[in-house]
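Enquirer: Let me give you the structure first, and then I'll get to my questions.
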Amino acid sequence: MPHHRPDHSAHTAHHAGAFDSDRIADALTLEGTLAAGVTDQAIAQCAELFDAGDAEVCRILDLGCGPGVATVALAAAFPSAAVVAVDGSRAMLARAEARASRHGASARVETRELDLDGDLGALGTFDLAWAGMAIHHAADEVAALRSVRALLRPHGLVCLLERADPIVVRLADDLGRPGIWDRVRAAQSDWFERARPTLPGALNADRYPGILNAAGFDVVVSQTLADTMTAPDDAATRTFLTNQLQRATRNLADFLAAADLTALQACVEPASPPHAGDRWAGATVTTSRKLFIARQQDDHRTTMTVRQHGTV
Ligand SMILES: C[S@@+](CC[C@H](N)C(=O)[O-])C[C@H]1O[C@@H](n2cnc3c(N)ncnc32)[C@H](O)[C@@H]1O
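Converting from the sequence shown to this note's numbering requires adding 4 to each position, the first position being numbered 1.
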């Protein structure tokens, strides 16, 4: 039966060379660390589905693995599985290798330099294909996911994570304006709702059920995951959180009362106290992701089973 094929062109395809910088690798490592809670929730949901189907997880593909934060989390969560971490950026793969080594997972983590739009066929077959904030970089997301589907064993799952809401930063200090962080959060939601239609595809994850369907998958889990953690109090995290608050301040000019906006602007000015230190103590950061877990549509599973058993 032909699948409905909506227009999926409104995404942000990038060549992975754009990621070849220490600055981006550092930022992705930090963001991955702050998102550890949502990554763990997503992994737990995959594990539950495999357990329910009594299926063993022997090989995992991490597509667009970046600096390998999720790669290593996957290796830890599935201790008898091998993880193949794929990225188009050598710099990212070097980071992923170093991280796997630091976490004692090198023996089970293999890295491969490959383009998401290229031929993935030589990677072998997998029980789980994981793609964290990666598929939107493919020039043709449906085609890339079809290639992924062809690598899955009959019980195999694909798990996509994409950004949901903007990162929410809250300081313990209310800047002399009680309730300011609740108002900032509400203003961020209002801004995001208004801006969403104009934002790049990477921020419009609601497209993925349609894309997965067009690529021959049935979505079995579609959820927004969120996790709040106390931010580590180190210089790199402070810089990252300052950048997030500066961006929020720019976006919220029309959404926040003037006095709140002034307090926020003063707080993120380079010379203001947060950079000096104390104000960051107890800061929290909330990260959210859209999670989609899908399995092959029945007609594709049947074909794969027959092919794997060698009867055709
Ligand atoms: C936003 S990062 C996500 C990294 C990691 N999965 C995570 O969740 O933090 C996207 C990754 O996809 C890689 N990438 C972008 N375009 C690619 C392409 N066409 N082929 C292969 N990898 C690509 C980048 O090098 C980068 O590491």
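All C-beta atoms in this analysis are idealised placements derived from N, C-alpha and C, irrespective of residue type, glycine included.
Tell me whether His141 counts as near ligand 1, meaning its Cβ is closer than 7 Å to at least one heavy atom of that ligand.
Expert: yes
Enquirer: Check whether the Cβ atoms of Ser292 and Val42 lie closer than 8 Å to each other.
Expert: yes
Enquirer: Locate the beta strand (DSSP E) running through Gln192, then write down its first and last residues.
Expert: Not the beta strand (DSSP E): Gln192 falls in the alpha helix (DSSP H), residues 184-199.
Enquirer: Counting Cβ pairs, one atom from each stretch, are 3 or more of them under 8 Å apart for the stretch 99-118 and the stretch 59-75?
Expert: yes
Enquirer: Opposite Asp323 in the DSSP bridges: which residues?
Expert: Beyond the ends of the chain as shown, which are 5 and 316, falls residue 323; an answer cannot be given.
Enquirer: Taking a contact to mean a Cβ-Cβ separation below 8 Å, would you say Pro71 touches Leu32 in this structure?
Expert: yes
Enquirer: Taking only runs of the alpha helix (DSSP H) that begin and end inside the stretch 217-293, which ones reach a length of at least 4 residues, in chain order?
Expert: Counting only runs of 4 or more, we get 239-255, 262-272, 277-280.
Enquirer: Got a sec? Which residues, its chain only, sit under 8 Å from Ala285 by beta carbon, not counting five neighbours each side?
Expert: If we look at Ala285 and ignore the five residues flanking it on each side, its Cβ neighbours are Ala176, Asp237.
Enquirer: Am I right that Gln49 and Arg153 are in contact with their C-beta atoms under 8 Å? What's the rounded C-beta distance?
Expert: That belief does not hold up - the Cβ atoms of Gln49 and Arg153 are roughly 19 Å apart, past 8 Å.
Enquirer: What did DSSP end up calling Glu166 once you bin it into helix, strand or coil?
Expert: strand
Enquirer: Consider the C-beta atom of Cys69 and the heavy atoms of ligand 1; say whether any pair is separated by less than 7 Å.
Expert: yes
Enquirer: Give me the Cβ distance between Ala79 and Val87, rounded to the nearest whole Å; I'm assuming they're in contact under 8 Å.
Expert: 5 Å
Enquirer: Taking 8 Å as the cut-off, does the stretch 185-192 touch the stretch 123-138 (at least 3 CB pairs, one atom from each stretch)?
Expert: no
Enquirer: Do Ala287 and Val172 have their CB atoms nearer than 8 Å?
Expert: no
Enquirer: Have a look at Val289 and Gly125 and give me their C-alpha separation to the nearest angstrom.
Expert: Here the alpha carbon of Val289 sits roughly 39 Å from the alpha carbon of Gly125.
Enquirer: Kindly indicate the opening and closing residues of the beta strand (DSSP E) around Arg116.
Expert: Run containing Arg116: 113-117, per the beta strand (DSSP E) assignment.
Enquirer: For Ser226, which of Phe244, Leu165, Thr246 has the nearest alpha-carbon?
Expert: Leu165
Enquirer: Identify every residue that forms a DSSP beta bridge with Ala298.
Expert: Val162, Val223
Enquirer: So, using beta-carbon positions, are Ile297 and Leu161 closer together than 8 Å?
Expert: yes
Enquirer: What does a CB cutoff of less than 8 Å around Ala59 pick up in its chain, not counting 5 residues either side in sequence?
Expert: Asp131, His159
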